[in-house]
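Counting along the sequence shown from 1, when you hit position 104 you're at 104 in the working numbering, and nothing is skipped either side.
A quick write-up on the structure given underneath.
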Amino acid sequence: MTEQIRTSRVAPRTIGTPRVLSTLFPGVIGLYGVYQGIQQALLPAQVASIDPANKVAVVALTALVSSVAGTIALPLGGALSDRTRGRFGRRTPWLLVSAVLTALACVLMARATTVPLLAISIGFVWFFANIYQSTIYAVIPDRVPVRLRGTASSVVGLGLPLGILASVNVVTRTGQFWGYAVLGLFLVLATVVFVLVAPESPVSTSEARVRAPRLSAAARAAAFFAGFRHRDFTLVFLSRLFFFLGFFAVIDYVFYIVSDYVGPENTPFGDVNGAVAAVASINTISQVVAIVAFGWLADRLDRRKIVVALSAVAMAAAFLAPIVARDWTGLLVYAVVGGAATGVYFAVDIAIMSLVLPSRADEGRDLALLALATSVPAATAPLVAAGVFGLTGSYTWVLVLGAAAAAVGATFMFGVRGVK
C-alpha cells in the first residue's frame, strides 16, 4: 500500500498579480533567450567551427537530441513540482534548481569541441530548460485569477519575440563562451529576482492521510495522461498540435520560400538576405503589437476561444498569400497577417490552456502535456514539410500544408465547450 498525502497551503502571502507578472516576465525572456540565442546564433557558428563539412547533419542531430530531451522533461518537470511540498512552495525550488542547472549546462556546451560532447551538452540544456518552462508556466494557474489569464498569457507570449531580439543581439556581440554564459546567468538572476520579490506561499503536508492501492506501471502511465480523458483538454491539445504543425512547417522554410519560390528579384531589396530580414522584422513587429493588444482585449471581452480560433484561421490565410501573389505583396501580407495571427494566438493560448486543466493537484503536469503540442511539431514539422516538398517539388504545397494544418487547429478550437 502507498499513501496519498492531502496538502494545504499555509500562511499564504498576499502578492498582487501585477507584481507576479512583472517579475515573472524577465524569467520568460531568459528562458526563450536560452532557446533562441543558442538555436539562431551560437549553435550554427559552433557547429561550423567543429565540423564544417557536415554542419547540416550535425545541426539535425542536435535538433533530434534537444527535441527528445525536451519531450521527456516537460511533463516530468510539471509532475515533480506538482508533488513538491515545503516552506518555499511547489514551484520555487524547481525554478531555482532548473535555472542553475541550465546555466551550468550552457557553460558545458560553450566548452564543447567535438560533436558527441555538443550533442550531450545541448541535451542537458534542453532537459533542464524544459523543466524550468513547465514549472514557470504552472505559476499562471497557481497565482493569476481567471479574469486576468489573457493578460498573463500576453506576458508569456511577449517573452518569445523579446527573448529572440535580446539574446540574438547580445550573443552575436560576444565570444562563444561569454554568449552561453550570459544566457545562463541572466536566467538565474531573473529567477532569483522573481522568487524574492514575488515569493510563493508555503505548502505543507496535512496530517490527514488517505490509503490508496498500489498501482501497476501501466496504471501509473494511464494516470499520468489522465487529462486526455477530458474532452476540452484533448481538443485544446489537438488544436495546438495542428496549429504549430502548420506554423513550423512554413516558418522553417521562409528563407527558401523567399529565395527559390518568390525570388529576391521580385522584392524591393533585390537580394535574399535583405528580403528575409525585412519579412522577419515586419512579422515580429506585427506579432508584438498583437500580443500586447489582444491578451488584454480577450480578458475585457471574456472571449478567449473565439479569439484563438480566428487567429488560426488568419494564419491559414497568411500562408496562402504568397501563393495568390507570388511577389513582394504576397510576402508582405504573409508577414503582417501571419505575425498578427501568431501574436494573437500567443496572447491568449496559455490562458486557454489554464482554463481546461482538469485537476488542480496536477496543473503543472497537465499544462506541460499541453506544451508538448508545441515541442513535438517543432521537431517533426520540418521533416513533414521536407517530405511534401520532396514529393511535389514545389513550395506551393508546403504553404498549403501549413494553411490546412492551421485550419484544422481552428476547427478543434471551435469545438471546445468549456471556454467562451
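All C-beta atoms in this analysis are idealised placements derived from N, C-alpha and C, irrespective of residue type, glycine included.
- Around the beta carbon of Ala275, a 10 Å sphere encloses 16 or more other beta carbons of the protein chains shown; the residue is thus reported as buried.
- Closest option to Ser359, judged by alpha-carbon separation, among Thr191, Gly27, His230 and Ala48: His230.
- Per DSSP, the continuous alpha helix (DSSP H) segment holding Lys305 begins and ends at Lys305 to Val324.
- For Gly418, the closest C-alpha among the options Asp232, Trp397 and Phe346 is that of Asp232.
- Between Gly415 and Leu235, the gap from beta carbon to beta carbon is short of 8 Å.
- The continuous alpha helix (DSSP H) containing Leu104 extends over residues Thr92 to Ala110.
- DSSP places Gly89 in the coil class of the three-state scheme, outside both helix and strand.
- Each of Val171, Gln176, Pro202 and Ile136 was checked against the Cα of Phe194, and the nearest Cα belongs to Ile136.
- In the DSSP assignment, Ile50 falls within the unbroken alpha helix (DSSP H) covering Leu43 to Ile50.
- Nearest to Ile306 by C-alpha distance, out of Ala368, Leu357 and Asp349, is Asp349.
- For Val203, the three-state secondary structure derived from DSSP is strand.
- In this model, Arg85 and Leu401 are separated by some 46 Å (Cα to Cα).
- If the five residues before and after Phe389 are omitted, its C-beta is found closer than 6 Å to the C-beta atoms of Val398, all from its own chain and listed in chain order.
- For Ala404, the CB contacts under 8 Å within the same chain, skipping 5 residues up- and downstream, are Gly246 and Ala316 in chain order.
- When C-alpha distances from Pro52 are compared across Thr114, Gly150 and Ser354, the shortest belongs to Thr114.
- The beta-carbon separation of Val34 and Ala129, rounded to 5 Å, stays under the 8 Å limit for a contact.
- Minimum Cα-Cα distance from Gly159 among the listed residues Ile140, Thr92, Val28 and Ile285 corresponds to Val28.
- In this structure, DSSP gives Val416 a state outside helix and strand, which the three-state scheme calls coil.
- If you look at Gln176, you'll find it in the alpha helix (DSSP H) that goes Gln176 to Val197.
- By the criterion of at least three beta-carbon pairs nearer than 8 Å, the stretch 315 to 333 is in contact with the stretch 406 to 414.
- Taking a cut-off of 8 Å for Cβ pairs, the stretch 328 to 348 and the stretch 34 to 47 do not touch, as fewer than three such pairs fall below it.
- In the structure shown, the three-state DSSP call for Pro358 is coil.
- In this structure, Val107 lies away from Tyr32, with their beta-carbon atoms at least 8 Å apart.
- Within its own chain, the residues whose Cβ lies closer than 7 Å to the Cβ of Arg87, once the five positions on either side in sequence are excluded, are Pro202, listed in chain order.
- Taking a cut-off of 8 Å on C-beta distances, the stretch 294 to 304 touches the stretch 150 to 158, as three or more cross pairs fall below it.
- Residue environment for Gly163: buried (at least 16 other C-beta atoms within 10 angstroms of its C-beta).
- Distance from the CA of Ala280 to the CA of Thr329, rounded to the nearest whole angstrom, comes to 15 Å.
- DSSP places Glu363 in the uninterrupted alpha helix (DSSP H) bounded by Glu363 to Thr392.
- Of the other Cβ atoms in all chains shown, 16 or more fall within 10 Å of the Cβ of Val288; this residue is therefore buried.
- Apart from sequence neighbours up to five positions away, the residues of its chain that approach Gly339 with a beta-carbon distance below 6 Å are Asn283, Ser286 and Gln287, ordered along the chain.
- Per DSSP, Pro268 is not a residue of any alpha helix (DSSP H), being assigned neither H nor E.
- The Cβ atoms of Ala378 and Phe244 lie closer than 8 Å to each other.
- Straight across, the Cα-Cα distance linking Leu383 with Arg19 is about 42 Å.
- Per the C-alpha coordinates, the member of Ala410, Ser354, Pro264 and Ala385 positioned closest to Asp142 is Ser354.
- Apart from the 5 residues on each side of it in sequence, Ala341 sits with its Cβ closer than 7 Å to the Cβ of Ser311, Ala314, Met315 and Ala318 in its chain, given in chain order.
- Around the Cβ of Phe225, a 10 Å sphere holds fewer than 16 other Cβ atoms; the residue is exposed.
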